[in-house]
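Student: Under our numbering, think of the first position of the sequence shown as 6, with each following residue one higher.
Handing you a structure now.
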Amino acid sequence: MASGLMEMSGLVIIGVTVWTVLWKHHYVSLLSTTNYAIGTYSLLAAGLLAVLGGILGCCGVWREQRALLLGHYITFCLRISRADGTSPALLLDSLVLEIEKSPGRIVGGQLAEPGQFPYQVSLRSAKNAHFCGGSVISERWVLTAAHCVVGRSPVDTRIVVGTHLLDSGGIYYGVAQMVVHELYDASTRAFDVSLLQTESTILFSDLVQPIALGAGFVNLAHGAVLSGWGQLEWTDVGMSNELRWLNTSVIMLADCRQGSSSTVAPNIFLHKLCTLSPEGQGMCMGDTGGPLVLDGVQIGIGSWGIPCGFGHPDIYDRVSSHRAWILANIL
Numbered sequence: 006m007a008s009g010l011m012e013m014s015g016l017v018i019i020g021v022t023v024w025t026v027l028w029k030h031h032y033v034s035l036l037s038t039t040n041y042a043i044g045t046y047s048l049l050a051a052g053l054l055a056v057l058g059g060i061l062g063c064c065g066v067w068r069e070q071r072a073l074l075l076g077h078y079i080t081f082c083l084r085i086s087r088a089d090g091t092s093p094a095l096l097l098d099s100l101v102l103e104i105e106k107s108p109g110r111i112v113g114g115q116l117a118e119p120g121q122f123p124y125q126v127s128l129r130s131a132k133n134a135h136f137c138g139g140s141v142i143s144e145r146w147v148l149t150a151a152h153c154v155v156g157r158s159p160v161d162t163r164i165v166v167g168t169h170l171l172d173s174g175g176i177y178y179g180v181a182q183m184v185v186h187e188l189y190d191a192s193t194r195a196f197d198v199s200l201l202q203t204e205s206t207i208l209f210s211d212l213v214q215p216i217a218l219g220a221g222f223v224n225l226a227h228g229a230v231l232s233g234w235g236q237l238e239w240t241d242v243g244m245s246n247e248l249r250w251l252n253t254s255v256i257m258l259a260d261c262r263q264g265s266s267s268t269v270a271p272n273i274f275l276h277k278l279c280t281l282s283p284e285g286q287g288m289c290m291g292d293t294g295g296p297l298v299l300d301g302v303q304i305g306i307g308s309w310g311i312p313c314g315f316g317h318p319d320i321y322d323r324v325s326s327h328r329a330w331i332l333a334n335i336l
């Protein structure tokens, strides 16, 4: 029963989140009868799915059905967004961004040992709250995703390296400047890559080392490593204190598009890279911006996915596609 209630509360959170997104995009036109009805139907759908989720949870079959339910709910919201004239890609992007405000742990990952991932970066707010991952690529530069830093200022952002814990250890660096890819598109997350320059030189040690940038086009591979502090479940509300990691497989873009909904498949561009893990494992909120590494080389930057661990592909920006842009800005 407790499990059912927890999952049910999670669906309510998703419902309220979508309501918030709809309100943000229609805060003027929502006053009309048509748009108010659309928002109301969305919230009613969230409630219906919440009740059904609770019933399934009590019957012990929720984990097998929750991805299908969430998929139906997102599809419903995208359909009503079309009816209301909102870009479906923009609504989905806003939904993912809203949910991402609660960082935590990688889904199904293993605990990292101290120094196991010396390139790992925790990006934090001025209040020391982790919000995205990143990677050390030189003495003065950190690589992350554009969506992690757009809307933030250097003065309110901290770079923390040299620790696998969020509540202790690590070395803090201020941000001198943020460089966001000029072709970044928030509605599709195209060219979702950015660079942060530290105010002072990053001191390398056994716990802090740069990661090499991938140059080759990886289309199919096993044993890629994702690391981060992302959530264990999309229903989580707290943060993990410990860095986690998991092995995942790079899949072909054609398979990635086929395994994604028809709404988001067009946003899986050639400069993207996809991974697929067994259901119950994968990237979650708080992991984006972090590195995907294969044979000691970074091949991806966490961009987006359908949260969390539902058996859908996770989407990264391909480092080899952006390597020339990265080098041009840091050298």
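We put the CB at the ideal spot given by N, CA and C, even for glycine.
Note that this is a predicted model, so its numbers are computed, not measured.
What are the boundary residues of the alpha helix (DSSP H) that W234 is part of?
Tutor: Element bounds for W234: n/a, residue is neither H nor E.
Student: Is the segment 261 to 269 in contact with the segment 115 to 130, if contact means three or more CB pairs nearer than 8 Å?
Tutor: no
Student: Measuring CA to CA, which of T203, L188, V230 is closest to F274?
Tutor: L188
Student: Any idea what DSSP makes of L171, helix, strand or coil?
Tutor: Note: L171 maps to coil in three-state DSSP.
Student: Can you tell me where the beta strand (DSSP E) holding D319 begins and where it ends?
Tutor: Looking at the DSSP string, the run of the beta strand (DSSP E) that includes D319 is 319 to 323.
Student: Which runs of the alpha helix (DSSP H) spanning at least 4 residues fall entirely within the segment 209 to 285, listed in chain order?
Tutor: 258 to 263
Student: Using a Cβ distance threshold of 8 Å, determine whether the segment 312 to 331 contacts the segment 276 to 284, with at least three qualifying pairs required.
Tutor: yes
Student: Using C-beta distances below 6 Å, list every residue in its chain close to Y178, excluding the 5 sequence neighbours before and after it, in chain order.
Tutor: I164, T203
Student: Assign Q286 to buried or exposed, taking buried as 16 or more other Cβ atoms, counted over all protein chains shown, within 10 Å of its Cβ.
Tutor: That one is buried.
Student: Look at the alpha carbon of T149 and the alpha carbon of E247, and state the distance between them as a whole number of angstroms.
Tutor: Roughly 20 Å separates the two Cα atoms.
Student: Between W309 and G295, what straight-line distance do the alpha-carbon atoms span, to the nearest angstrom?
Tutor: 11 Å
Student: Which of helix, strand or coil does DSSP assign to H327?
Tutor: Looking at H327 - three-state DSSP - the assignment turns out to be helix.
Student: Any heavy atom of the ligand COA within a distance shorter than 6 Å of the CB on L208?
Tutor: Of the ligands one can find in the structure shown there are none, so the ligand COA has no counterpart to examine.
Student: With DSSP run on the structure shown, which of helix, strand or coil describes C153?
Tutor: helix
Student: For G228 and S282, I'd like the C-alpha separation in whole angstroms.
Tutor: Their Cα atoms are separated by approximately 11 Å.
Student: Drop a sphere of 10 angstroms on the beta-carbon of S232, count the other beta-carbons inside from all chains shown, and report buried for 16 or more, exposed for fewer.
Tutor: Buried.
Student: Which first and last residues belong to the beta strand (DSSP E) in which A181 is found?
Tutor: For A181, the uninterrupted beta strand (DSSP E) segment begins and ends at 176 to 185.
Student: Of all the options S173, G167, P159, which has the alpha carbon lying nearest to the alpha carbon of V185?
Tutor: P159
Student: Assuming S199 and A270 are in contact, meaning their beta carbons sit under 8 Å apart, how far apart are those beta carbons, in whole angstroms?
Tutor: Incorrect: roughly 25 Å between the Cβ atoms, too far for contact.
Student: Does DSSP classify A191 as helix, strand or coil?
Tutor: coil
Student: Given a cut-off of 7 Å on the beta-carbon distance, is the pair Q121 and L218 in contact?
Tutor: no
Student: Please state the DSSP three-state secondary structure of L160.
Tutor: One point to set straight first is that residue 160 is Val, not Leu, in the sequence displayed. In the three-state reduction of the DSSP assignment, V160 falls in the helix class, which pools H, G and I.
Student: Nearest to I176 by CA position, among I331, A226, Q214, N224, is which residue?
Tutor: Q214
Student: Leaving out the 5 sequence neighbours to the left and right, which residues in its chain are closer than 8 Å to F209 when beta-carbon positions are compared?
Tutor: Here the set comprises E144, P215.
Student: Rounded to the nearest angstrom, what separates S140 and G174 at their Cα positions?
Tutor: 17 Å
Student: Going by DSSP, what residue range makes up the beta strand (DSSP E) through C137?
Tutor: 135 to 141
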